[in-house]
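Residue 224 in full-length UniProt numbering is what sits at position 224 of the sequence shown, and the numbering runs on without skipping anything.
From the three backbone atoms N, C-alpha and C, an ideal C-beta is built for every residue, glycine too.
Here the structure is a predicted model, which means the values were calculated and not measured.
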Amino acid sequence: MKLLRGVGCLLVILLVSTRCSDDDQPKVDVSSGKLIESISAGTTTAASLKLLVTVSGYKIDASIFKHDVEVFQVKYHTTFQGEDITASGLIILPQTDASISMLSFQHGTTTLASDAPSVQSTGSFDVLLYSAISSAGFVAVIPDMIGFGSSSNTFHPYYVEEPTARAVSDLIVAAQELADQKKLAFDGKLFLAGYSQGGYATMAAHKAIESEPIAGMTLVASFPAAGGFDLKGIQEYLFSQNEYADPYYLAYLVNSYQLYYKENNLLKDFFKEPYASAIPGLFDGEHAPSTIDAQLTTSMKDLVSGDLLTGIGTEPRFNYIVTLLNKNSLVNQWYPKSLMYVYHGLDDTTVPYNNSESTYQKLIANGASTEQLHLISLQGDHGSAIKPYVEDLVPRLMALQ
1 MKLLRGVGCL LVILLVSTRC SDDDQPKVDV SSGKLIESIS AGTTTAASLK
51 LLVTVSGYKI DASIFKHDVE VFQVKYHTTF QGEDITASGL IILPQTDASI
101 SMLSFQHGTT TLASDAPSVQ STGSFDVLLY SAISSAGFVA VIPDMIGFGS
151 SSNTFHPYYV EEPTARAVSD LIVAAQELAD QKKLAFDGKL FLAGYSQGGY
201 ATMAAHKAIE SEPIAGMTLV ASFPAAGGFD LKGIQEYLFS QNEYADPYYL
251 AYLVNSYQLY YKENNLLKDF FKEPYASAIP GLFDGEHAPS TIDAQLTTSM
301 KDLVSGDLLT GIGTEPRFNY IVTLLNKNSL VNQWYPKSLM YVYHGLDDTT
351 VPYNNSESTY QKLIANGAST EQLHLISLQG DHGSAIKPYV EDLVPRLMAL
401 Q
């Protein structure tokens, strides 16, 4: 997902940040803790970020962007399948002596290695927008997610709850360490936000952080949007459809589960040929979503095994698939105790609106308070609802800061 990419390349050129050359990038090496290395990639002025937001067409008060910011490309320790690995992401620090909070923003689905936040130019549109978060008085934290950036030698655990949440929480700790090194006045307030897969990652991280709090931090609120929070519900929705316009999402998830859980027959049990055999080669970091979709079919009866379509709820041989979907759904035996705003576009057919509606209802049934958990309906589909999401999120975030 590329946020707010409606403004042309000329604007990006005009707003490009002051960047360090490869030779003069200051490095910070850390011998303990989560943070391994931070490299300053450059600075961006508050004036440039105000202009960016003003011309973007978003209804956001540009006066909140007060601070110049410095962008750091970072490497940090996390755990994947029981092993310590080096992951990466961005940490963006406001240049201020004032008290600041932290916001971790989880990006949406990407299949391209070149879309990882830490490998993008600091003058790219996405990184400038992440920088705007920081300019408003936040340590901005943007994980690449496992399988991208420094961990591109492994596969991406798409919609696998535990490594998704851990990649987020470990970078938050690394950001805390970097802010401390830079002697910033971090107030300990933590916020989480993200859209699409980033919405799922946000809710997963919220759940994990409430279960295992991060020392020195208080999770104030999260803003998960348009995520597939209830994966069993997503499967039931898709299997009821004749067509699905974005089959790469489904292929991404099933391929990821085959690799992560070592269920070697999962692709063959789930998809018809030639798709079952073709899918692994499509998720190599070089194929864009549209390219992957072109190699699949939008017809559910032609894509998915007929036995699975009719027998997933009755055939014992498919019970393991149901188990995996339920295991990674975020609606079972927990509810958020900190403030959470769940967002979704009413016209979304990529990740259906009723998935967030049923997630909200299940979390309330699990024990969530209606004062702490809120469902906010947005105008638009999976793409166009991003704008009203951001416009609603920002003032809520600033009020809670």
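Put residue i into one of helix, strand or coil per three-state DSSP.
i           : result
S290        : helix
I234        : helix
L229        : Note that residue 229 corresponds to Phe in the displayed sequence, not to Leu. The answer is coil: DSSP assigns F229 none of H, G, I, E or B.
M217        : coil
residue 410 : There is no way to answer for residue 410, as the model of the chain reaches only from 1 to 401.
P94         : strand
K75         : strand
L103        : strand
F397        : Going by the sequence as given, residue 397 is Leu instead of Phe. Reduced to three states, the DSSP call for L397 is helix.
D84         : strand
A205        : helix
V53         : helix
E212        : coil
S121        : coil
I39         : strand
E391        : helix
T110        : coil
T44         : strand
V331        : coil
F223        : strand
Less than 8 Å between the beta carbons of residue i and residue j, yes or no?
i    : j    : result
S256 : P157 : yes
A205 : M102 : no
I91  : L178 : yes
D68  : A46  : yes
I234 : L219 : no
L375 : Y389 : no
K262 : S305 : no
F318 : D392 : no
L266 : V254 : yes
K207 : W334 : yes
V394 : I100 : no
Y195 : G57  : no
D293 : P247 : yes
S135 : L51  : no
M340 : A221 : yes
Q241 : M300 : yes
Q295 : A276 : no
I214 : I172 : yes
I142 : T86  : no
Y244 : T298 : yes
G227 : Q181 : no
P336 : A365 : no
S118 : D144 : yes
S152 : G285 : yes
Since residue i and residue j should fall inside the 8 Å C-beta cutoff, what is the C-beta to C-beta distance between them, to a whole number of angstroms?
i    : j    : result
T44  : S131 : 5 Å
M329 : Q372 : Sequence check: residue 329 is Ser here, not Met. At roughly 20 Å, the Cβ-Cβ gap does not stay under 8 Å, so S329 and Q372 are not in contact.
K76  : D170 : Note on residue identity: the sequence assigns Tyr, not Lys, to residue 76. The pair is a contact, with the Cβ atoms about 6 Å apart (cut-off 8 Å).
M217 : L184 : Contact doesn't hold; Cβ gap of about 14 Å is too wide.
A251 : Q106 : Their Cβ separation, rounded to whole angstroms, is 21 Å, which puts A251 and Q106 out of contact at 8 Å.
L303 : V331 : With 8 Å as the limit, L303 and V331 do not qualify as a contact, their Cβ atoms being about 26 Å apart.
F229 : S38  : That pair is no contact at about 32 Å.
A116 : F80  : Not quite, the Cβ-Cβ distance comes to about 16 Å (not below 8 Å), so this is no contact.
A98  : G137 : 7 Å
G188 : A225 : About 25 Å; that fails the 8 Å criterion.
Three or more C-beta pairs under 8 Å: does that hold for the segment 368-387 against the segment 337-348?
yes
Write down every uninterrupted run of the alpha helix (DSSP H) in the segment 126-200 whose length is 4 residues or greater and which is fully enclosed by it, in chain order.
161-181
Check whether the segment 50-65 touches the segment 109-119, taking contact to mean three or more Cβ pairs, one atom from each stretch, closer than 8 Å.
no
Mind pulling the alpha helix (DSSP H) runs of 4 or more residues that sit fully within the segment 243-312?
247-261, 266-270, 275-282, 289-294, 300-303 and 306-311
With a floor of 3 residues, list each beta strand (DSSP E) that falls wholly inside the segment 333-385, ordered by position along the chain.
339-345 and 373-378
Three or more C-beta pairs closer than 8 Å, one from the segment 122-137 and one from the segment 161-168: is that the case here?
no
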